[in-house]
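Notes follow once the structure below has been shown.
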Amino acid sequence: MLNVLILDDEDIIRTEVNEFLTNVGYSVYEADRPSRAMELLQQHEIDIMILDIKLPEKDGVEVLQDVKQLHPATEVIMITGHGDSDTVLQCMKRGAFDFFHKPIRLLEIRTAIERTERFLSLQTKLRHLERRFDAVSTDLQRSIADIVGSSEAIQGVIDTTLKAAASADTSVLITGESGSGKELVARVLHHASPRASRPYVPVNCSAIPDTLIESEFFGHRKGAFTGAIEDRAGYFEAAEGGTLFLDEIGDMPLAAQTKLLRVLEDRRVKRVGGTREVPVNLRVIAATNQDLPRMISDKAFRGDLYYRINTLEIRIPPLRERLADLQELISHFISDFNPRFRKQIRGISADALQKLSRYDFPGNVRELRGMVERAMILSDGPLLEADVLSLPSEARSSGPGFRSALAPLDRSPDSQETDPTVQPNSAEGLSAQRFQTEILPRQLAEVDQLEIGMVEEFERSLLAEALKRCQHNKSRTAQMLDISIHALGRRLRRLEMS
53 MLNVLILDDE
63 DIIRTEVNEF
73 LTNVGYSVYE
83 ADRPSRAMEL
93 LQQHEIDIMI
103 LDIKLPEKDG
113 VEVLQDVKQL
123 HPATEVIMIT
133 GHGDSDTVLQ
143 CMKRGAFDFF
153 HKPIRLLEIR
163 TAIERTERFL
173 SLQTKLRHLE
183 RRFDAVSTDL
193 QRSIADIVGS
203 SEAIQGVIDT
213 TLKAAASADT
223 SVLITGESGS
233 GKELVARVLH
243 HASPRASRPY
253 VPVNCSAIPD
263 TLIESEFFGH
273 RKGAFTGAIE
283 DRAGYFEAAE
293 GGTLFLDEIG
303 DMPLAAQTKL
313 LRVLEDRRVK
323 RVGGTREVPV
333 NLRVIAATNQ
343 DLPRMISDKA
353 FRGDLYYRIN
363 TLEIRIPPLR
373 ERLADLQELI
383 SHFISDFNPR
393 FRKQIRGISA
403 DALQKLSRYD
413 FPGNVRELRG
423 MVERAMILSD
433 GPLLEADVLS
443 LPSEARSSGP
453 GFRSALAPLD
463 RSPDSQETDP
473 TVQPNSAEGL
483 SAQRFQTEIL
493 PRQLAEVDQL
503 EIGMVEEFER
513 SLLAEALKRC
523 QHNKSRTAQM
533 LDISIHALGR
543 RLRRLEMS
């Protein structure tokens with residue numbers, strides 16, 4: 053219901069208009085002078101104001117100017133006398149929406165009000181669309197910002213992705229090794245597309261049990277199977293109008309592949325236990341870290357489905373092919389983790405960066421992110437140093453190596469021969485190995501659940517466990533954690549454990 057304010061000094065006009073507009077469904081307020089009208093505008097959200105030109109205190113043109121300045125969302129309809137064409141023009145320039153002449157005809161008032169009401173409705177829709185556009189733009193900016201890197205390889209991926217996004221219906225297959233950022237590219241494809249304001253539904257195909265795949269994708273009717281206590285829409289219906297992202301599609305069973313192909317061809321789904329087919333309008337983006345052509349040869353993946361989802365392929369390069377982005381990625385992760393760990397780490401040292409640049413990152417960007425997170429937990433200074441970075445032995449130089457407390461023990465036979473401190477066949481060596489491969493992973497699994505204030509407590513318990521297993525021998529403890537004895541000493545002093 054719209055709120056209408058009538059400002060006129062003639063009682064009979066106010067009463068007549070009030071009764072008429074109230075009867076047709078509006079909420080009406082009256083004022084006989086400008087000061088009272090301004091009070092009502094302050095007290096209520098007035099949508100439309102009917103304003104006479106001739107008033108006590110000040111004329112209607114001045115009142116109009118005050119209203120548009122203080123309450124710009126209120127639309128004003130002016131009441132003028134015949135022959136006041138100059139005044140009408142003056143009012144329209146100052147923001148009046150409409151006008152009518154005296155003597156007042158109630159049907160003219162109703163027409164003017166309805167015209168203003170339609171305008172207000174269009175304004176509301178426009179503001180809603182602007183908010184949706186702003187939200188979509190923000191999501192797109194964030195999605196692109198998450199794909200960090202200035203190298204030619206990754207910029208080429210972004211360019212191809214934005215071009216592919218322009219088509220709302222083209223199926224896209226994103227290929228790349230695990231941890232390379234396929235899901236980030238999928239989000240950009242969605243948020244940069246005409247479907248950006250509609251749902252984005254990501255699905256990990258490898259995480260759905262075979263027995264539930266059909267129900268999860270197509271939905272089910274109540275009573276279709278044991279446990280189906282109510283109707284439920286599947287992923288296809290949930291993504292209506294938007295994007296369905298099928299991650300790790302290579303892990304989808306052949307039977308489910310057949311049904312997926314049928315949906316992509318017919319654009320219709322039928323719930324488990326249902327009889328009615330429902331049309332669906334969506335875009336499908338798939339991703340895999342597997343060699344689908346080889347799987348087709350091995351009869352593990354349907355060739356016709358492959359060609360259906362692979363209208364356009366976007367290959368994400370592994371991190372080892374874009375090491376030029378290494379420092380930029382590290383800076384991005386440091387910025388993310390600094391608030392979480394209440395630290396002010398500014399960057400990475402040259403030695404540490406050189407150490408990382410010799411590594412081939414089989415886990416790609418995800419592995420690098422984990423390395424930076426663990427290093428920040430253990431770091432004391434303003435820069436991430438080499439002694440807090442955990443790398444497998446293959447990535448080390450021939451000089452003295454470093455191993456984080458969070459890295460698995462993975463010594464080569466050569467390193468075992470030249471390192472008499474910890475022998476893998478001795479009780480101490482086995483203890484060290486179990487500490488890193490069994491104890492620490494269990495503790496580290498809880499890191500993401502830690503409150504910021506608990507990070508020091510985690511580090512304290514980690515060091516205490518290491519000291520205990522090395523019988524409080526600091527040299528062996530430092531070697532187990534693969535940090536220098538000086539770094540160990542600094543940590544013990546900082547944590548008041550020395």
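Just so you know, we're using the numbering used here here: the sequence shown kicks off at 53 and counts up by one.
We put the CB at the ideal spot given by N, CA and C, even for glycine.
Nearest-angstrom Cβ-Cβ length linking residue i and residue j, presumed shorter than 8 angstroms
i, j, result
"Phe270", "Lys322", "7 angstroms"
"Leu158", "Phe72", "5 angstroms"
"Tyr78", "Met101", "Contact doesn't hold; Cβ gap of about 12 angstroms is too wide."
"Ile226", "Ile210", "Their Cβ separation, rounded to whole angstroms, is 13 angstroms, which puts Ile226 and Ile210 out of contact at 8 angstroms."
"Arg543", "Asp432", "7 angstroms"
"Gly286", "Ser267", "7 angstroms"
"Leu93", "Leu57", "7 angstroms"
Beta-carbon proximity of residue i to residue j, cut-off 8 angstroms
i, j, result
"Leu334", "Thr295", "yes"
"Ala291", "Pro251", "yes"
"Gly231", "Val417", "yes"
"Val224", "Ile397", "no"
"Leu344", "Gly293", "no"
"Lys234", "Ala339", "yes"
"Ile206", "Pro369", "yes"
"Ile382", "Leu435", "no"
"Met549", "Leu514", "no"
"Asn55", "Asp99", "yes"
"Asp421", "Phe385", "In the sequence on display, residue 421 carries Arg and not Asp. It is a contact, given that the beta carbons lie within the stated cut-off."
"Ile129", "Ala83", "no"
"Leu306", "Arg354", "yes"
"Arg320", "Val332", "yes"
"Leu59", "Leu103", "yes"
"Thr526", "Ile537", "Thr is not the amino acid found at residue 526; the sequence shown has Lys there. In this structure, Ile537 lies closer than 8 angstroms to Lys526 by Cβ."
"Lys110", "Pro86", "yes"
"Thr176", "Phe149", "no"
"Val80", "Arg162", "no"
"Leu375", "Lys407", "no"
"Ala217", "Val237", "no"
"Glu511", "Leu547", "yes"
"Gly279", "Gly325", "no"
"Glu380", "Gly541", "no"
Spatially closest choice to residue i from the options, by CA coordinates
i, options, result
"Gly243", "Phe297, Thr263, Arg421, Ile206", "The sequence shown places His at residue 243, rather than the Gly named in the question. Minimum Cα distance to His243 is reached at Phe297."
"Asn341", "Leu306, Glu317, Asp299", "Asp299"
"Val255", "Met304, Met428, Leu544", "Met304"
"Thr132", "Leu141, Ser431, Glu91, Ile64", "Leu141"
"Phe393", "Glu419, Lys407, Val424", "Val424"
"Thr139", "Thr67, Tyr81, Val113", "Val113"
"Ile535", "Ala438, His524, Gln523, Glu511", "Ala438"
"Glu329", "Ala308, Ile361, Leu371, His272", "His272"
"His96", "Leu540, Val336, Thr74, His123", "His123"
"Ile64", "Ile348, Pro155, Glu91, Glu127", "Pro155"
"Ser173", "Glu282, Thr213, Tyr411, Glu127", "Glu127"
Proximity test, Cβ basis, 8 angstroms: residue i and chain C
i, result
"Leu174", "Given the protein chain composition of this structure (a single chain), no chain C is represented."
Residue(s) in a DSSP beta bridge with residue i
i, result
"Tyr81", "Leu57"
"Ala338", "Leu225, Leu298"
"Pro331", "Arg320"
"Ile386", "DSSP lists no partner for Ile386."
"Asn256", "Asp299"
"Leu551", "Not covered by the structure: residue 551. The range shown for the chain is 53 to 550."
"Arg367", "Thr227"
"His272", "Arg284, Val324"
Any non-hydrogen atom of the ligand FAD within 7 angstroms of residue i CB
i, result
"Ser203", "With respect to the ligand FAD, the structure offers nothing, as it holds no ligand at all."
Please give me, in chain order, every unbroken run of the beta strand (DSSP E) with length at least 3 that falls completely inside the region 277-312. 295-299
Which complete alpha helix (DSSP H) runs does the region 103-155 hold, if anything under 4 residues is left out? 112-122, 137-145
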